[in-house]
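One rule links them: number in my numbering = place in the sequence shown (from 1) + 26.
For each residue, glycine too, the CB sits at the ideal point set by N, CA and C.
Accompanying notes for the structure given below.
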Amino acid sequence: MNIEASNTKKNLEAAFAGESMANRKYLFFAKMARQLGDEEVAALFEKTANEETAHAFAHLELIYPSHELTVERLLELAIEGELYETNVMYPQFEQEAIAEGKAEAALEFVEQANESRVHAEIFASAAKRFKALKIVEAFHAGRYQKMLDKKTPQKKAG
Ligand SMILES: [Fe+2]
Ligand SMILES: [Fe+2]
């Protein structure tokens, strides 16, 4: 399915966001219900949270078709997302929190911006290792090929 730059793509992203939020919200509600002493409701929230994950994944499968993905691309997408949070989203949220005198929220936005930067760095070093690994593999493949070439019996002239 080609969903590039369509309303459907926007809707899939919105639906993914909604289902993802439901997942985390229900896990949080489960924790709260358990703290409030209702294990049955906690378990119900956890079961439903798992179903919300399946709903979110179904949207993701259409947003990121598996035939378009490589490990490099996954890392690249993750880095883009984390850097957006670090450099664009959280600084803006921090400014707005400061303007509204919400110091606690402003501080939390700064902390989360830093966490996102750390995540981006971890993904970036994984991407570097992945590239290095591919170079090493290509090097070994090349050496192996040379060894094979050497072992090929030389045909005697004449
Ligand atoms: Fe759902
Ligand atoms: Fe993150």
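CB-CB under 6 Å to Ile89, same chain, minus the five flanking residues each way: which ones, in chain order? Leu38
Any heavy atom of ligand 2 closer than 7 Å to the beta-carbon of Glu134? no
Is any non-hydrogen atom of ligand 1 found closer than 7 Å to the C-beta of His81, if you look at the structure I gave you? yes
Beta carbon of Glu78: closer than 7 Å to some heavy atom of ligand 1? yes
Please write down, chain order preserved, every residue whose beta carbon lies under 7 Å from a heavy atom of ligand 2. Glu108, Glu111, Glu141, Ser142, His145
Considering Ser32, what are the terminal residues of the alpha helix (DSSP H) in which it resides? Counting along the chain, Ser32 falls outside any alpha helix (DSSP H), and DSSP gives it neither H nor E.
On the premise that Glu106 lies in contact with Ala139, defined as a C-beta separation below 8 Å, what is that separation, rounded to the nearest angstrom? No, Ala139 and Glu106 are not in contact; Cβ-Cβ is about 15 Å, not under 8 Å.
Is Ala43 near ligand 1, going by C-beta to nearest heavy atom under 7 Å? no
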